[in-house]
Amino acid sequence: MFVVVTGAAAFAQKGKLPPFRMVQENGVVFKAEQLPVGKPILLVYFSPDCDHCAVLAKQLFKQGNPFKKASIAMVTFLPLDKVAQFNHKYATSTFKNVFVGTEGSSFFLRKYFGIMDMPFVALYDKDGNLLQKYERDIPFDSLSFRLRQL
2 MFVVVTGAAA FAQKGKLPPF RMVQENGVVF KAEQLPVGKP ILLVYFSPDC
52 DHCAVLAKQL FKQGNPFKKA SIAMVTFLPL DKVAQFNHKY ATSTFKNVFV
102 GTEGSSFFLR KYFGIMDMPF VALYDKDGNL LQKYERDIPF DSLSFRLRQL
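This note's numbering puts the first residue of the sequence shown at 2, with every later residue one more than the last.
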């Protein structure tokens, strides 16, 4: 039997940061490989309209939060106008470690991880190795503790 796999998923290594792409509010395509190297990575799949996602966003953007140690990629499937509203609400442009955008209807990350509920967070070490996945009710204390140890 011979199977041909196409798309970015074919090049993804299990346990490594997937090769996602997202369009940012300014229309620029941002790729996973553009995340700063040598820092832990939080990959967040979210919906700007989701209550649990709003709780997560408030925690991520709190002053003095340990999440500032990581590069944070926040990806939604909703259109750019929703990304713009989210960016404005949480002033994401003031955080140099935060990258927000939409993957549109490709649902690459949703399919890659089999995401059923949001928010979804994947924590990676500075080398891009997957350490932990979280879904829906994110345990902030546990997540920030793990991040401080990296």
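Note that the Cβ used here is the ideal one computed from N, Cα and C, for glycine as well.
Here the structure is a predicted model, which means the values were calculated and not measured.
query: Taking Cβ to Cβ, would you say F141 is nearer than 8 angstroms to G105?; result: no
query: Assign M75 to one of two classes, buried (16 or more other C-beta atoms within 10 Å of its C-beta) or exposed (fewer than that).; result: buried
query: Once the 5 residues before and after L57 are set aside, which same chain residues still bring their CB inside 6 angstroms of it?; result: P120, I139
query: Please give me, in chain order, every unbroken run of the beta strand (DSSP E) with length at least 3 that falls completely inside the segment 46-130.; result: 72-77, 99-103, 121-125
query: Which of helix, strand or coil does DSSP assign to E34?; result: helix
query: Give the DSSP bridge partners of R137, in chain order.; result: Bridge partners of R137: none, in fact.
query: How long is the line joining the alpha carbons of F108 and M23, rounded to whole angstroms?; result: 10 angstroms
query: May I ask whether a heavy atom of the ligand ADP can be found less than 7 angstroms away from the beta carbon of V29?; result: No copy of the ligand ADP occurs in the structure displayed, which carries no ligand at all.
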